[in-house]
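Colleague:
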Amino acid sequence: MMKELQIRHAGSFAVDPAVDARFMALALALGRRGLGNTWPNPAVGAVIVRNVPDGPVVVGRGWTQPGGRPHAEVEALRRAGAAARGGIIYTTLEPCSHFGQTPPCADAIIAAGITRVVSALDDPNPEIAGEGYRRLRAAGITVVTGVGAEEARRAHAGHVRRMREGRPHVTLKLAVSADGKAGLAGRRAAAITGEVTREHVHRWRAMHDAILIGIGTALADDPLLTVRLPGMTPRSPVRVVLDSALRLPPDGKLARGARDVPLWILAAADAPAARADALHATGAEVLPVDGSADRRDLAAALKLIAARGITRLMVEGGPTVAAAFVTAGLVDEAALLRSSATIGPDGIYALEGLPLTALTQSAQLRSRGVETLDGDTIETFERM
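Note that the sequence shown ends on residue 383 in numbering that gives the first Met the number 0; no numbers are left out.
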């Protein structure tokens, strides 16, 4: 027997919860286009729909543009033009209500003649925090909230955590061999996963605002930490290195590319001034952190980069940095990449001084499932 759908009316619209869910799913998909490219603003998606005799029709789509502006709602309204009047807007986050560098989205929605707003998630920004909804309702607009909220919480996890906790949302990436190793003896790098999985990692990088490693990994691997997929290099995140004593070489790949892709080096306040000057000369930024920017001061480091606008941070550091984040309880999501190949007894373990179960059986994390990619497996975890 076909499940009966409840139909209710809002003005001239016949409102079907299944239809609301469908258009919100589209808005969420649009919003994901901006992940890693809109900080410090959240990557919002918006869809404008009108009812016609044959059913609802999309007349405008928008997502937060690079750098955070225009906002998704304004972009969708621009694309819809006059067709927005009398329509519904689906947005993945409460429309803003304050004057920043642009006027409030709530005011733009009112001026466009929208009659119904469907929002997935309340904005925790204290400058908004329900004021967007109040402004819309005061103008006579019907406001529905919570549609697609669970997925919206994932999509906007970086924005929410930065607003509520003053730090970015942290995703830890670990690649381990079948025998649980992350590198060769002497802390030398090892190619653990296959090419398909590595491409997957580059897509993740593009969806984060910044990527972080420790100085040990920087010295051992001399990495680029950019997005090296066709056409996606401009989506490379800010590179962050924990380097309390400023040991990063100015002639290494990271520093040489600092004028093309931002490089932030988190150092102790008393780090050698001459080394700081040499790194500044490459285009890198040297940022002092209270105490020293090593594993003992992760909370201070995260607070600093959040203050500079970072909302989503991918941690690709080696075993020492990875273990430090796990021990500090600062892992919000994790991606465990497992290869079928082994490294052998001389290899180094993925978490310095900790068993891998410190991550996989953490009381703070739960598994979201496992997928297979060309012989490798990827298990993802999220904070409970």
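Using N, Cα and C, we set each Cβ at its ideal position, and we do this for glycine too.
Kindly provide the ranges of any beta strand (DSSP E) runs that are 3 or more residues long and lie completely inside the segment 200-260, ordered along the chain.
Modeller: For the segment 200-260, the full-length beta strand (DSSP E) segments reaching 3 residues or more read 209-213, 237-241 along the chain.
Colleague: Are the CB atoms of residue 314 and residue 223 within a distance shorter than 9 Å?
Modeller: Within the sequence shown, the letter at position 224 stands for residue 223. Within the sequence shown, the letter at position 315 stands for residue 314. No, they are not a contact pair.
Colleague: Give the C-beta separation of residue 72 and residue 88 to the nearest angstrom, bearing in mind that I take them to be a contact with Cβ-Cβ under 8 Å.
Modeller: By one-based count along the sequence shown, residue 72 stands at place 73. By one-based count along the sequence shown, residue 88 stands at place 89. Yes, they are in contact, since the Cβ atoms of residue 72 and residue 88 sit about 6 Å apart, within 8 Å.
Colleague: Measuring CB to CB, does residue 119 end up less than 9 Å from residue 74?
Modeller: Residue numbering aside, residue 119 sits at position 120 when the sequence shown is read from its first letter. Residue numbering aside, residue 74 sits at position 75 when the sequence shown is read from its first letter. Contact: no.
Colleague: Closest by CA to residue 21, which one among 48, 35, 353?
Modeller: The sequence position of residue 21 within the sequence shown is 22, counting from 1. For the residues 48, 35, 353, the minimum Cα distance to residue 21 belongs to 48.
Colleague: Residues bridged to residue 311 by DSSP?
Modeller: Sequence index remark: in the sequence shown, residue 311 carries index 312 (1-based). Paired residues: 168.
Colleague: At what residue ranges does the segment 40-80 contain a whole run of the alpha helix (DSSP H), taking only runs of 4 or more?
Modeller: 71-79
Colleague: Taking the straight line between their C-alpha atoms, what separation do you get for residue 291 and residue 359?
Modeller: The residue you call residue 291 lines up with position 292 of the sequence shown. The residue you call residue 359 lines up with position 360 of the sequence shown. For residue 291, the predicted structure reports a pLDDT of 49, less than 50, and the residue's modelled location is therefore unreliable. A value from the coordinates is still provided. Those two C-alpha atoms are separated by around 29 Å.
Colleague: Three-state secondary structure (DSSP) at residue 366?
Modeller: Taking the first residue of the sequence shown as position 1, residue 366 is located at position 367. Three-state result, residue 366: strand.
Colleague: Rounded to the nearest angstrom, what separates residue 246 and residue 200 at their Cα positions?
Modeller: Counting from 1 along the sequence shown, the entry for residue 246 is found at position 247. Counting from 1 along the sequence shown, the entry for residue 200 is found at position 201. Their backbone Cα atoms lie some 27 Å apart in a straight line.
Colleague: Would you check if there are 3 or more beta carbon pairs closer than 8 Å linking the segment 127-144 to the segment 20-35?
Modeller: Remark: fewer than three beta-carbon pairs, one from each stretch, lie closer than 8 Å, so the segment 127-144 and the segment 20-35 are not flagged as touching.
Colleague: Of the choices 106, 67, 364, whose alpha-carbon is the least far from that of residue 382?
Modeller: Taking the first residue of the sequence shown as position 1, residue 382 is located at position 383. The residue with the shortest Cα to Cα distance from residue 382 is 364.
Colleague: Using DSSP with H/G/I as helix, E/B as strand and the rest coil, what is residue 381?
Modeller: In the sequence shown, counting from the first residue as 1, residue 381 sits at position 382. Three-state DSSP puts residue 381 in a strand.
Colleague: Looking only at C-alpha atoms, which of 114, 126, 154 sits nearest to residue 137?
Modeller: Counted from its first residue, the sequence shown places residue 137 at position 138. Nearest option by C-alpha distance: 114.
Colleague: Using 8 Å as the Cβ pair cut-off and three pairs as the minimum, do the segment 265-285 and the segment 225-236 touch?
Modeller: no
Colleague: How about residue 220 and residue 343: are their beta carbons less than 9 Å apart?
Modeller: Here residue 220 refers to the residue found at position 221 when the sequence shown is read from its first residue. Here residue 343 refers to the residue found at position 344 when the sequence shown is read from its first residue. In this structure, residue 343 does not lie closer than 9 Å to residue 220 by Cβ.
Colleague: Span of the alpha helix (DSSP H) holding residue 182?
Modeller: Residue numbering aside, residue 182 sits at position 183 when the sequence shown is read from its first letter. Careful: residue 182 lies outside any alpha helix (DSSP H), inside the beta strand (DSSP E) at 180-182.
Colleague: Within this structure, are the beta carbons of residue 90 and residue 43 separated by less than 9 Å?
Modeller: Numbered from its first residue, the sequence shown carries residue 90 at position 91. Numbered from its first residue, the sequence shown carries residue 43 at position 44. Closer than 9 Å, so yes.
Colleague: Residues in its own chain within less than 7 Å of residue 60 by CB, not counting five upstream and five downstream?
Modeller: Counting from one through the sequence shown, the residue named residue 60 turns up at place 61. These residues qualify, in order along the chain: 29, 46, 75, 78.
Colleague: Apart from the five residues just before and just after residue 122, which ones in its own chain have a Cβ nearer than 6 Å to its Cβ?
Modeller: Here residue 122 is taken as the residue at index 123 of the sequence shown, counted from 1. Hits under 6 Å: 92, 93.
Colleague: Might you give, ordered along the chain, the residues of its own chain that have their beta carbon closer than 6 Å to the beta carbon of residue 282, omitting 5 neighbours on each side?
Modeller: Taking the sequence shown and counting its residues from 1, the one referred to as residue 282 is at position 283. So the list reads 257, 258, once near-sequence residues are dropped.
Colleague: Output the distance between the C-alpha atoms of residue 41 and residue 125, rounded to the nearest integer angstrom.
Modeller: Counting from one through the sequence shown, the residue named residue 41 turns up at place 42. Counting from one through the sequence shown, the residue named residue 125 turns up at place 126. Rounded to whole angstroms, residue 41 to residue 125 spans 14 Å at the Cα level.
Colleague: Between the Cα of residue 109 and the Cα atoms of 135, 332, 127, which residue gives the shortest distance?
Modeller: Reading the sequence shown from its first residue, position 110 is the one you call residue 109. Ranking the options by Cα distance to residue 109, first place goes to 135.
Colleague: Verify whether the separation of the beta carbon atoms of residue 182 and residue 377 is less than 9 Å.
Modeller: Position 183 of the sequence shown, counting from 1, holds the residue named residue 182. Position 378 of the sequence shown, counting from 1, holds the residue named residue 377. When the beta-carbon positions are compared, residue 182 and residue 377 stay at least 9 Å from each other.
Colleague: Rounded to a whole number of angstroms, what is the C-alpha to C-alpha distance between residue 386 and residue 191?
Modeller: The question about residue 386 has no answer, for the chain in this structure spans 0 to 383.
Colleague: Going by beta carbon distance, what residues of the same chain come within less than 8 Å of residue 361, once the five residues before and after it are set aside?
Modeller: Along the sequence shown, one-based indexing puts residue 361 at 362. In chain order, 325, 330, 380 place their CB closer than 8 Å to the CB of residue 361, counting only its own chain and leaving out the 5 sequence neighbours on each side.
Colleague: Evaluate residue 81 with the Cβ neighbour count: other Cβ atoms within 10 Å of its Cβ, from every protein chain shown; 16 or more gives buried, anything less gives exposed.
Modeller: Here residue 81 is taken as the residue at index 82 of the sequence shown, counted from 1. Exposed is the call here.
Colleague: Which word fits residue 356, buried or exposed, when buried means at least 16 other C-beta atoms lie within 10 angstroms of its C-beta?
Modeller: Translated into the one-based positions of the sequence shown, residue 356 becomes position 357. Flag for residue 356 reads exposed.
Colleague: Pull up the CB-CB distance for residue 368 and residue 339, whole angstroms please, since I reckon it's below 8 Å.
Modeller: As a working mapping, residue 368 is identified with position 369 in the sequence shown. As a working mapping, residue 339 is identified with position 340 in the sequence shown. No, residue 368 and residue 339 are not in contact; Cβ-Cβ is about 19 Å, not under 8 Å.
Colleague: Can you pull the DSSP bridge partners for residue 372?
Modeller: Translated into positions along the sequence shown, residue 372 becomes position 373. Beta-bridge pairing links residue 372 to 375.
Colleague: Report the rounded CA-to-CA distance for residue 279 versus residue 333, giving the unit in angstroms.
Modeller: In the sequence shown, the residue the question calls residue 279 occupies position 280. In the sequence shown, the residue the question calls residue 333 occupies position 334. C-alpha separation (whole angstroms): 33 Å.
Colleague: Could you tell me the alpha carbon to alpha carbon distance between residue 384 and residue 101, rounded to whole angstroms?
Modeller: The requested residue 384 does not occur in the structure, where the chain is confined to residues 0 to 383.
Colleague: For residue 232, which residues in the same chain have their Cβ closer than 7 Å to its Cβ, ignoring the five residues on either side in sequence?
Modeller: Here residue 232 refers to the residue found at position 233 of the sequence shown. So the list reads 225, 226, once near-sequence residues are dropped.
Colleague: Buried or exposed for residue 391, going by 16 or more other Cβ atoms inside 10 Å?
Modeller: Nothing about residue 391 can be reported from this structure: the residues present for the chain run from 0 to 383 only.
Colleague: Look at the Cβ atom of residue 131, then the Cβ atom of residue 104, and state whether they are nearer than 9 Å.
Modeller: On the sequence shown, position 132 is the one that residue 131 refers to. On the sequence shown, position 105 is the one that residue 104 refers to. Against a cut-off of 9 Å, the Cβ pair of residue 104 and residue 131 comes out as a contact.
Colleague: What do you get for residue 213, buried or exposed, if any count of 16 or more other CB atoms within 10 angstroms of its CB means buried?
Modeller: Sequence index remark: in the sequence shown, residue 213 carries index 214 (1-based). Answer is buried; the Cβ neighbour count reaches 16.
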